[in-house]
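Residue numbers (my numbering), protein chains in the order written: chain A, 1 to 188; chain B, 189 to 376.
Working notes for the structure below.
2 protein chains.
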Amino acid sequence: MNSGNLYNHLERLSEILRTDLRKSGIEHGLQPVQLEVLHYLSVCNRYSDTPLAVTEYLGQTKGTVSQTIKVLEQKGLLLKRNDTEDKRVSHLSLTPRGSKLLDQLVPPPMLTKASDKLPEKTHKQINQALQQLVMALLQSNGMKSFGVCHTCRYNMHSKDGGYFCNLVKQALTVDDVERLCREHETAG
Amino acid sequence: MNSGNLYNHLERLSEILRTDLRKSGIEHGLQPVQLEVLHYLSVCNRYSDTPLAVTEYLGQTKGTVSQTIKVLEQKGLLLKRNDTEDKRVSHLSLTPRGSKLLDQLVPPPMLTKASDKLPEKTHKQINQALQQLVMALLQSNGMKSFGVCHTCRYNMHSKDGGYFCNLVKQALTVDDVERLCREHETAG
DNA sequence: TGATAAATGTATCGAGTCGATACTAATATT
DNA sequence: AATATTAGTATCGACTCGATACATTTATCA
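Set out below in structure tokens:
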């Protein structure tokens, strides 16, 4: 019932972080959305590094995302390669410059500063609370969860201790399973 | 240390809510920022209903906010009155139409739906966690807290059970003390 | 008191966002 | 082989938002 109070906090939090991101981004010639795209690319897996996946993640239209990507490519922060199998799709990755820039700006120093002041226990609670909220939000509204393999119903453990995705039918590396996947479906 | 994970959740949450707000707002001809201004005006007290207070709350520049307010006024959702004492300042308030519209869109049905699915206990935890985070964020970065009188160092209880603000030197009503104030300074 | 500074708000400009629409090209379907 | 679907691009227009410049009113202080 009291989602009003919840919304108050979320809205304020959003506005503060976005304003901060805008400020720090502009010093490097980047817009908030552009940073968000770079950030997503740094945490997604190799099946989820396409313009469409970015579109789904950010909840915008593909036209919008296409523009953003174009700009980032021109700035030399992002690399676009064609998929070898499907000529319609392209894969995006950060260039060393893009990666370096992202490290400077994300997570925002402002947030790190604040979170450092909180006791470790509180920090964990907040983190967990947010995660629950995100999941509830996505689930209630039929959106893609974009989780990691550990929590995905398609994830299988193979005998040798490795991982195997039952959707794409391929073995996954240790690095793979720690990244966000657009095909993720919560197990259960 | 692990503010990266925290940021992941926050960014995602922000993006989802903002996209949703944009979508629902556009159906009524309103932009996300405009809704945020209306929302703020619905929860601030009479000392904090000026363009400058909105500016501080949203973290934008006064020029930007001035434009937004102008549009909202033209749409008939917001009323601007001159202060009787200081001719530089104006006070903003929602018109009945603005108030009604806000009720429909804020908090976003999407969020209410999600929060209803969570157990009451979890809900409370999330709420508390967010509040702590907002406070830490504001405090670490020297921003105004915009809290309610109950938690303000200027708030005094008078003998008759009423409230008195030691900064503006005026009695406050029960309604006053439940609203956000731009002069708020956390007690302690 | 009179000059200067500070505060509140407005006007205008330009770079950029973002949804809508229309489009191309490649792959799937039937 | 014809059609539908999917991934992505191009273009347009309404809007955002910081920057700069400005007007007016109030505060400061010498």
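Think of the CB as a built atom: it goes at the ideal place given N, C-alpha and C, for glycine as much as any other residue.
Run through chain B and tell me which residues come within less than 8 Å of residue i, C-beta to C-beta.
| i | result |
| --- | --- |
| A/L118 | Q320, L321, A324 |
| A/M156 | Ordered by position in chain B, no residue passes the 8 Å Cβ test against A/M156, which lies about 25 Å from the chain. |
By Cβ distance below 6 Å, which residues in the same chain neighbour residue i in space, the five residues on each side in sequence not counted?
| i | result |
| --- | --- |
| A/R22 | P32 |
| B/Q320 | none |
| B/E371 | L355 |
| A/G142 | none |
| A/V177 | C149, Y163 |
Just to confirm my understanding: we take residue i, look at its own chain, exclude 5 residues before and 5 after, and list those with CB closer than 8 Å. What are they?
| i | result |
| --- | --- |
| B/S254 | P239 |
| A/G25 | Q31, P32, Q34, L35, L105 |
| A/A187 | T151, C152, R153, N155 |
| A/P69 | Here the sequence assigns Ile to residue 69 of chain A, which means Pro is not the residue at that position. Closer than 8 Å at the Cβ level, and outside the excluded window around A/I69, lie V37, P51, V54, L78, K80, L92. |
| B/L289 | H216, L218, L226, L265 |
| A/T61 | T55 |
If I measure Cβ to Cβ from residue i and keep anything under 7 Å in the same chain, skipping five residues before and after, which residues do I get?
| i | result |
| --- | --- |
| A/D20 | P108, M110 |
| A/V43 | R179, L180 |
| B/S278 | T238, P239, K268, R269, N270, D271 |
Quick one: which chain B residues come within Cβ less than 7 Å of residue i?
| i | result |
| --- | --- |
| A/T122 | Q320 |
Along chain B, which residues have their Cβ under 9 Å away from the Cβ of residue i?
| i | result |
| --- | --- |
| A/Q67 | Near A/Q67 there are no residues of chain B at all, since even the closest Cβ is about 16 Å away, more than 9 Å. |
Taking the straight line between their C-alpha atoms, what separation do you get for residue i and residue j?
| i | j | result |
| --- | --- | --- |
| B/E261 | B/R206 | 23 Å |
| A/K169 | A/H123 | 37 Å |
| A/G4 | A/G162 | 45 Å |
| A/L6 | B/D304 | 12 Å |
| B/V201 | B/K347 | With the sequence shown as reference, residue 201 of chain B is identified as Leu, and Val is not the correct amino acid for it. About 45 Å. |
| B/T361 | B/H345 | 11 Å |
| A/R88 | B/L318 | 42 Å |
| A/D175 | A/L10 | 32 Å |
| A/S145 | A/T64 | 21 Å |
| B/F236 | A/L94 | Going by the sequence as given, residue 236 of chain B is Ser instead of Phe. Between B/S236 and A/L94, the C-alpha separation is close to 44 Å. |
| A/V148 | A/T84 | 25 Å |
| B/Q327 | A/D103 | 24 Å |
| B/Q313 | B/T300 | 16 Å |
| B/C353 | B/R234 | 13 Å |
| B/L246 | A/N8 | 12 Å |
| A/Q128 | A/I16 | 21 Å |
| A/Y40 | B/V259 | 34 Å |
| B/M189 | B/A324 | Reliability of the predicted coordinates at B/M189 is poor, the pLDDT of 47 falling under 50, and no value is obtained from them. |
| A/A171 | A/P96 | 27 Å |
| A/V134 | B/L306 | 11 Å |
| B/S159 | A/K75 | There is simply no residue 159 of chain B to check, as chain B begins at 189 and stops at 376 in what is shown. |
| B/E308 | B/E373 | 30 Å |
Mind pulling the chain A residues with CB within less than 8 Å of residue i?
| i | result |
| --- | --- |
| B/Q313 | Q125, A129 |
| B/H338 | Result: empty, since nearest Cβ-Cβ is about 14 Å, beyond 8 Å. |
| B/Q248 | T19 |
| B/L194 | P107, L111, S115, H123, I126, N127, L130 |
Report the neighbours of residue i on chain A: residues whose CB is nearer than 9 Å to its CB, in chain order.
| i | result |
| --- | --- |
| B/E244 | Within chain A, no residue comes near B/E244; the closest Cβ sits about 11 Å away, beyond 9 Å. |
Give the interface partners of residue i over in chain A, defined as CB-CB distance under 7 Å, in chain order.
| i | result |
| --- | --- |
| B/R200 | V134 |
| B/G251 | Within chain A, no residue comes near B/G251; the closest Cβ sits about 15 Å away, beyond 7 Å. |
| B/V277 | Under the 7 Å cutoff, chain A gives no residues; its nearest Cβ is about 23 Å from B/V277. |
| B/S191 | P107, L111, T112, S115 |
Does the ligand GDP have even one heavy atom less than 7 Å from the beta-carbon of residue i?
| i | result |
| --- | --- |
| B/Q248 | Absence of the ligand GDP is noted for the structure shown, with no ligands found whatsoever. |
Going along the chain, which unbroken runs of the alpha helix (DSSP H) with 4 or more residues stay wholly within the stretch 241-288 of chain B? 250-262
Quick check for students: name the residue ranges of the beta strand (DSSP E) that lie wholly in the stretch 191-235 of chain B, counting only runs of 3 or more. If we require 3 residues or more, the stretch 191-235 of chain B turns out to have no beta strand (DSSP E) run fully inside it.
Note down, one range per segment and in chain order, each beta strand (DSSP E) of at least 3 residues found wholly within the stretch 115-184 of chain A. Assignment of beta strand (DSSP E) within the stretch 115-184 of chain A, counting only whole runs of 3 or more residues, yields 155-157, 163-165, 170-172 in chain order.
Contact list for the stretch 14-25 of chain A against chain B, Cβ threshold 7 Å: From the stretch 14-25 of chain A, only S14, E15, I16, L17, R18, T19 have a Cβ closer than 7 Å to chain B.
Members of the stretch 94-116 of chain A near chain B, C-beta cut-off 8 Å: V106, P107, P108, M110, L111, T112, K113, A114, S115, D116
Could you list the residues in the stretch 27-53 of chain A with a C-beta less than 8 Å from some C-beta on chain B, going in chain order? E36, H39, V43
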